[in-house]
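Reviewing the structure listed below.
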Amino acid sequence: MKKYLKTVAILSIVGVTLFGCKKDDNPDYSQQSVNDNKVAEEGFNDMAPAINERGIKDPGVKSCGSCGMTGRINGIQQFKLDSSYRIPSDVRGDSIMVNRKIELDSSTQPYKIAKIIFTITYKNIVDGGVPKNGSIQAIMVPGAGYTAVMGGLPAVMNQLPTVEGFEKKGIKYYANISATNDATNSNKINVKISKGVCTWANGDKVIYASDRTTIIDKLSEQVTLWGTVNGTNRKGNQYSIVTDAGTPLVKAKDCSYVTSGIQKLTEDSKQENVLDFGYTKGAACDEFVKVTTGKVSWEYNMATGTSAKL
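Counting the sequence shown from 1 gives a position; this note's numbering is that position plus 1484.
Structural data, given as structure tokens:
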């Protein structure tokens, strides 16, 4: 699953990355919003695999097709009220520490579980040459229609992971992140990020939120993504990035770049910028994107970072 989530992370930022290299004579779109959104995307997308793999794959907790990143508690009578343990890191650096705390409702007999709190702490984890520090907190509470009882039957728990104090490249991240598998399609995942804040050492901030759905075909390894991103850049300008379900971004296994889909970028309700990833110069997996603002279009090469008017 981890390699698919990393692909999703790449897929979700590739569309906006190209504007960072856009020539001055091309139709204007705020590079500030593009750069700030890229910082937010890279940080918060780093969290998704960690939450999915660390927050759920805890002894006694496993994911289920209809629950996604919520969990199904099995053998809950075997849980200690509080515990901590260390799991080896799959990237170079210190290991990752997981602390689990179970809070009970003492007003009930037998005691019901009020919530389970997982805190996954990173210390000097190095991934891709970038040190990461901080913690992710996943809070699980009984889901609607279910009651979790110590020693009782399995119960579905709702999970709202929170990223807090996570730091990468000197930028601190905070957000609530939730992810849910589709009840009828376990390959379909909806990820929502709310209350996202990225803070620089000098006090600059970026506000970020997103609601996106991904379908991962595990046989063909094709990834499809659509949804919305909204934010406020460091200059206080609001921006949005929309990928409609009818024209999603698609990345095939054997292609280095997104090969189809439409993405629309707007800042402060100004003129819309449309990115057409289905634009091609003949090869099915080529690196070209057509960017249109109003009546002006140009061709962007994702491999070289160069562009030319059409």
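Ideal placement from N, C-alpha and C gives every residue a C-beta, glycine not left out.
Proximal residues to residue i (C-beta, below 6 Å), its chain only, five neighbours per side dropped
| i | result |
| --- | --- |
| GLY1636 | Only weak support is given to the placement of GLY1636: the predicted model assigns it a pLDDT of 42, under 50, and the question is left unresolved by the model. |
| PHE1761 | VAL1742, SER1744, GLY1745 and VAL1773 |
| LYS1656 | THR1683 |
| ILE1560 | Unreliable placement is indicated for ILE1560, whose pLDDT of 31 sits below 50; no coordinate value is reported for it. |
| LEU1759 | GLY1499, GLN1747, VAL1773 and VAL1775 |
| GLN1706 | ALA1736 |
| VAL1726 | THR1712 and LYS1748 |
Whole-number beta carbon distance between residue j and residue i, since they are thought to touch under 8 Å
| i | j | result |
| --- | --- | --- |
| VAL1690 | THR1716 | 7 Å |
| ASP1688 | ARG1718 | 5 Å |
| ASN1521 | TYR1723 | 7 Å |
| THR1697 | ASN1674 | 5 Å |
| ALA1451 | TYR1692 | Only positions 1485 to 1794 of the chain appear in the structure, and residue 1451 is not among them; the question remains open. |
| ASP1728 | TRP1710 | 6 Å |
| SER1662 | LYS1672 | Wrong, their Cβ atoms sit about 15 Å apart, outside the cutoff. |
Which of helix, strand or coil DSSP assigns to residue i
| i | result |
| --- | --- |
| SER1744 | strand |
| ASP1509 | In this predicted model, ASP1509 has a pLDDT of only 39, less than 50, meaning its place in the structure is not dependable enough to derive any value. |
| SER1517 | helix |
| LYS1737 | coil |
| GLU1525 | helix |
| SER1791 | strand |
| ALA1659 | strand |
| GLU1808 | It is not possible to answer for residue 1808, since the shown part of the chain is limited to 1485 through 1794. |
| TYR1784 | strand |
| LYS1779 | coil |
| THR1731 | coil |
| ASP1760 | strand |
| LEU1637 | A caution first: LEU1637 carries a pLDDT of 38, below 50, which makes its placement in the model unreliable, though a value can still be read off. Coil. |
| LYS1774 | strand |
| LYS1765 | coil |
| LYS1652 | strand |
Cutoff 8 Å; reference residue i; Cβ partners in own chain excluding five residues on either side
| i | result |
| --- | --- |
| CYS1739 | ALA1768 and CYS1769 |
| VAL1669 | It is worth fixing the name first, because residue 1669 is Asn in this sequence and not Val. Here the set comprises ILE1699. |
| TYR1763 | PHE1772, VAL1773, LYS1774 and GLU1783 |
Buried/exposed call for residue i, threshold 16 Cβ in 10 Å
| i | result |
| --- | --- |
| GLY1720 | exposed |
| GLN1755 | exposed |
| SER1704 | exposed |
| LEU1794 | exposed |
| LYS1800 | Outside the modelled stretch of the chain, which goes from 1485 to 1794, sits residue 1800, for which no answer is possible. |
| GLY1680 | buried |
| LYS1735 | buried |
| SER1791 | buried |
| SER1678 | exposed |
| LYS1652 | buried |
Proximal residues to residue i (C-beta, below 7 Å), its chain only, five neighbours per side dropped
| i | result |
| --- | --- |
| SER1517 | ASN1717, ASN1721, TYR1723 and GLU1751 |
| LYS1765 | PHE1772 |
| TRP1782 | ASN1510, VAL1775, SER1791, ALA1792, LYS1793 and LEU1794 |
| ALA1685 | GLY1654 |
| ASN1714 | ALA1693 and SER1724 |
| ASP1666 | LYS1672 |
| PRO1732 | THR1708, LEU1709, TRP1710 and GLY1745 |
ask   = What beta strand (DSSP E) runs, 3 residues minimum, are completely inside the segment 1665–1725?
value = Within the segment 1665–1725, the complete beta strand (DSSP E) runs of at least 3 residues are 1672–1683, 1689–1701 and 1706–1716.
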